[in-house]
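Enquirer: This is the structure I want to talk about, given as structure tokens.
Structure follows, in structure tokens:
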């Protein structure tokens, strides 16, 4: 899979046999800067974007296949030993409020290149059924991490942060909390020419800007009730620029973006996962 962080591809080989989940191997294949730039460009209207969408979909499929080959090379298994591969592709537009979400990745080409059956397009049916287009992770957490007595909340911080609420005797639910690392990564790239703030070292040198934090938390998304989802269509560099005065210290902005991510997650748990331990 590849997510909104746009950093690369994560591949995992898992055995689901005998009612247990066992991870056999994992592999990470990073995106180069050119690919990342092209994928970012597809989040905005541009000239000949339909053609670029298909070209990038083919390129992604080829990279996914490379990741699979490198993953299998870490084991004694071959493609013949793999029953199926799940690949949702790369999201380039996500607008559940308009009834659609769009991922690219050319699953047919991926199947041909790997000789493995590929399951894809997980999101469209969930959108059609009134969901937010992210049905798999909460279902997986429910099967693997649910406890009969303990109220658990599973948090994932990618480009966007999201959680799964596993309350005993209550149906599983999941939703996006807000920005994860995508705003911090974008700010880092813009001002340090680095893809991310390693270990939060840059943010640690700054101070929270209360007025900026207040403006960002006033975004209506944070007040919405679950289920809800978001992405680069809302939280992006242009969105951040509308909140800035223009004279803020760069490290202070990074620190404030980190605070935004933390508060968004904490508030989501406090408001919508009452009783969680």
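Residue numbers (our numbering): 187 to 463.
Built from N, CA and C at the ideal position, the CB exists for glycine as well.
Here the structure is a predicted model, which is why all the values come from computation and not from measurement.
1) Quick one: what does DSSP say residue 396 is sitting in, helix, strand or coil?
2) Kindly list the residues whose CB is nearer than 7 Å to the CB of residue 276, restricted to its own chain and excluding five residues on each side of it in sequence; keep chain order.
3) What is the rounded straight-line gap between the Cα of residue 401 and the Cα of residue 234?
4) Can you look up residue 213 in the DSSP assignment and give me helix, strand or coil?
5) What is the C-beta distance between residue 215 and residue 252, in whole angstroms, given that I count them as a contact (C-beta under 8 Å)?
6) Thinking C-alpha only, which one of 363, 438, 398 is nearest residue 387?
7) Between the C-alpha atoms of residue 461 and residue 297, what's the straight-line distance to the nearest angstrom?
8) Helix, strand or coil: how does DSSP classify residue 407 here?
9) Which residue or residues does DSSP assign as beta-bridge partners of residue 197?
10) First and last residue of the beta strand (DSSP E) that includes residue 362?
11) As a quick exercise: from 358, 425, 444, pick the residue whose alpha carbon is nearest that of residue 343.
12) Assign residue 250 to one of two classes, buried (16 or more other C-beta atoms within 10 Å of its C-beta) or exposed (fewer than that).
13) DSSP three-state label for residue 347, please.
14) Over what stretch of residues does the alpha helix (DSSP H) that includes residue 250 continue unbroken?
15) Going by DSSP in three states, residue 281 sits in which element: helix, strand or coil?
16) Which of the three DSSP states, helix, strand or coil, is assigned to residue 442?
Expert: Reading it off the structure:
1) By 1-based counting over the chain shown, the position of residue 396 is 210. Helix at residue 396.
2) Taking the first residue of the chain shown as position 1, residue 276 is located at position 90. For residue 276, where only same-chain residues beyond five positions count, the Cβ hits under 7 Å are 188, 225, 246, 289, 290, 291.
3) Residue numbering aside, residue 401 sits at position 215 when the chain shown is read from its first letter. Residue numbering aside, residue 234 sits at position 48 when the chain shown is read from its first letter. When the Cα atoms are used, residue 401 and residue 234 turn out to be separated by approximately 36 Å.
4) Locating residue 213 in the chain shown gives position 27, counting from the first residue. Judged by DSSP in its simplified three-state form, residue 213 adopts strand.
5) For the purposes of this step, residue 215 is identified with residue 29 of the chain shown, where counting begins at 1. For the purposes of this step, residue 252 is identified with residue 66 of the chain shown, where counting begins at 1. Rounded, the Cβ-Cβ distance is 6 Å, consistent with contact.
6) Taking the first residue of the chain shown as 1, we reach residue 387 at position 201. Residue 438 is the option with its Cα nearest to residue 387.
7) Position 275 of the chain shown, counting from 1, holds the residue named residue 461. Position 111 of the chain shown, counting from 1, holds the residue named residue 297. Their backbone Cα atoms lie some 44 Å apart in a straight line.
8) As a first step, residue 407 is located in the chain shown; it is residue number 221 there, counting from the start. If DSSP states are grouped into helix, strand and coil, residue 407 belongs with the helices.
9) Taking the first residue of the chain shown as position 1, residue 197 is located at position 11. Note: residue 197 sits in a beta bridge opposite 213.
10) Position 176 of the chain shown holds residue 362. That run of the beta strand (DSSP E) goes 359 to 365.
11) Counting from 1 along the chain shown, the entry for residue 343 is found at position 157. Proximity to residue 343 across 358, 425, 444 peaks at 444, based on C-alpha coordinates.
12) Within the chain shown, the letter at position 64 stands for residue 250. By the C-beta density criterion, residue 250 is buried, having at least 16 other C-beta atoms within 10 angstroms.
13) On the chain shown, residue 347 is found 161 positions in, with the first residue counted as 1. Assigned with DSSP and collapsed to three states, residue 347 falls in strand.
14) To locate residue 250, count along the chain shown from 1; it is residue 64. It spans 235 to 259 - the alpha helix (DSSP H) in which residue 250 sits, taken as one unbroken run.
15) Looking up residue 281 in the chain shown gives position 95. Correct three-state label for residue 281: strand.
16) For the purposes of this step, residue 442 is identified with residue 256 of the chain shown, where counting begins at 1. Residue 442: helix per DSSP, three-state reduction.
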